[in-house]
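Protein chains in written order, with this note's numbering: chain A, 6 to 158; chain B, 6 to 158.
First the structure, in the form of structure tokens, and then the observations on it.
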DNA sequence: TTCTAAATTTAGAACTATTCTATATATGAT
DNA sequence: ATCATATATAGAATAGTTCTAAATTTAGAA
């Protein structure tokens with residue numbers, strides 16, 4: 006793990022480079038969002054803040070999330086399985102995979118899914134969003150067999 | 006256009022076949038949803054009801070939408086450009102196209118978009134959702150030229 | 001028909017996630 | 001240190017949906 010102070014300095018640099026004034030609250034949140042959080046919701050971010058920063062308000066969490074999105078340091082992701090917005094530190098275009106067992110979201114590189122629209126209609130496609138659903142960790146044979154077996158009393 | 010009474014009878018039949026008791030409210034809403042509405046939101050449906058059915062409550066609109074979804078007569082669609090749920094009378098698997106100019110949603114048959122996941126990770130994909138964004142009606146050359154031209158005083 | 005039990009509809013309260021508002025606090029430039 | 005501006009704060013407001021409890025309607029029995 007990176008030393009906390011060095012990490013803070015690096016984050017501060019990234020904020021400045023993106024035109025965001027590095028206040029204490031912003032550095033703390035950016036550190037969480039850019040080095041550690043895994044597709045958190047605003048609620049997840051607030052929870053982290055409550056445990057790691059004194060008296061940060063929910064408004065600051067939302068303000069900062071919006072600011073970091075505008076600065077292109079994080080991306081807003083809206084997926085159909087929840088009404089909560091998810092924040093993603095991967096800012097380049099990519100797709101998502103929803104593990105239906107755990108509810109976890111995984112990023113998928115566009116190169117890993119071939120998408121070729123061949124619309125009958127003469128429309129111009131300017132963007133593509135893809136959500137894959139399934140099991141991210143495929144079950145081992147042993148686990149599958151155990152699950153399949155009826156419990157014997 | 007189909008004669009209203011015949012249409013009602015047909016709708017009533019479909020509701021019964023799907024195991025839904027055909028009350029007056031349900032017949033009216035199903036008629037709108039299955040023959041005429043184009044990806045309406047709950048608000049659109051309520052608005053139609055206010056203009057075409059006496060005193061229907063918002064709760065009935067939501068109850069009936071949920072009921073028709075459970076009965077697989079319509080499908081719930083959640084898209085990232087709005088926080089409102091959209092209802093679709095096409096119930097088989099398909100993709101969507103968002104016209105970014107009009108905000109309108111169009112259904113796209115899965116045969117019209119080739120999607121081939123080739124994940125590095127050994128995951129099992131059980132479903133794919135695709136949203137295309139762009140212009141559904143591609144502009145004619147004339148319109149494009151007119152739009153491009155600076156207005157001369 | 002009338003009665004009755006269950007299903008449905010209703011109005012409005014409650015809820016969730018987010019945005020807004022007004023005030024207080026902190027910051028950087030002078 | 002002062003001042004103007006930016007930021008942070010608590011809480012109110014909002015949007016969309018779901019819940020609750022009471023009233024109404026329905027289908028079937030008597």
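For each residue, glycine too, the CB sits at the ideal point set by N, CA and C.
Quick caveat: nothing in here was measured; it's all calculated off a predicted structure.
Separation of residue j from residue i, as counted between CA atoms
{"i": "residue 49 (chain A)", "j": "residue 56 (chain A)", "result": "11 Å"}
{"i": "residue 132 (chain A)", "j": "residue 34 (chain A)", "result": "30 Å"}
{"i": "residue 23 (chain A)", "j": "residue 76 (chain A)", "result": "6 Å"}
{"i": "residue 158 (chain A)", "j": "residue 98 (chain B)", "result": "Low local confidence applies: a pLDDT of 38 at residue 158 (chain A) is under 50, so the model's placement there is unreliable, with the coordinate-based value given in what follows. Their backbone Cα atoms lie some 42 Å apart in a straight line."}
{"i": "residue 21 (chain A)", "j": "residue 89 (chain A)", "result": "29 Å"}
{"i": "residue 26 (chain A)", "j": "residue 153 (chain B)", "result": "38 Å"}
{"i": "residue 150 (chain A)", "j": "residue 130 (chain B)", "result": "20 Å"}
{"i": "residue 137 (chain B)", "j": "residue 9 (chain A)", "result": "42 Å"}
{"i": "residue 116 (chain B)", "j": "residue 100 (chain A)", "result": "20 Å"}
Sheet register partners of residue i (DSSP bridge)
{"i": "residue 46 (chain A)", "result": "A:91"}
{"i": "residue 122 (chain B)", "result": "A:118"}
{"i": "residue 184 (chain A)", "result": "Nothing in the structure corresponds to residue 184 (chain A), since chain A is present only between 6 and 158."}
{"i": "residue 82 (chain B)", "result": "B:91"}
Residue nearest to residue i in terms of C-alpha spacing, selected from the options
{"i": "residue 82 (chain A)", "options": "A:7, A:142, A:135", "result": "A:135"}
{"i": "residue 11 (chain B)", "options": "B:148, B:28, B:25, B:32", "result": "B:32"}
{"i": "residue 38 (chain B)", "options": "B:95, B:129, B:63", "result": "B:95"}
Integer-rounded CB distance, given that residue j should sit under 8 Å from residue i
{"i": "residue 92 (chain B)", "j": "residue 102 (chain B)", "result": "Not quite, the Cβ-Cβ distance comes to about 17 Å (not below 8 Å), so this is no contact."}
{"i": "residue 66 (chain A)", "j": "residue 80 (chain A)", "result": "Going by Cβ atoms, the distance from residue 66 (chain A) to residue 80 (chain A) rounds to 17 Å, so no, they are not a contact pair."}
{"i": "residue 140 (chain A)", "j": "residue 109 (chain A)", "result": "About 11 Å; that fails the 8 Å criterion."}
{"i": "residue 69 (chain A)", "j": "residue 13 (chain A)", "result": "Not quite, the Cβ-Cβ distance comes to about 16 Å (not below 8 Å), so this is no contact."}
{"i": "residue 143 (chain A)", "j": "residue 127 (chain B)", "result": "5 Å"}
{"i": "residue 18 (chain B)", "j": "residue 118 (chain A)", "result": "Residue 18 (chain B) to residue 118 (chain A), Cβ: 42 Å. No contact."}
Run of the beta strand (DSSP E) containing residue i, from where it starts to where it stops
{"i": "residue 139 (chain A)", "result": "129-140"}
{"i": "residue 148 (chain A)", "result": "No beta strand (DSSP E) holds residue 148 (chain A); the alpha helix (DSSP H) holding it covers 146-153."}
Residue range of the alpha helix (DSSP H) that includes residue i
{"i": "residue 37 (chain A)", "result": "29-39"}
{"i": "residue 71 (chain B)", "result": "63-75"}
{"i": "residue 11 (chain B)", "result": "9-22"}
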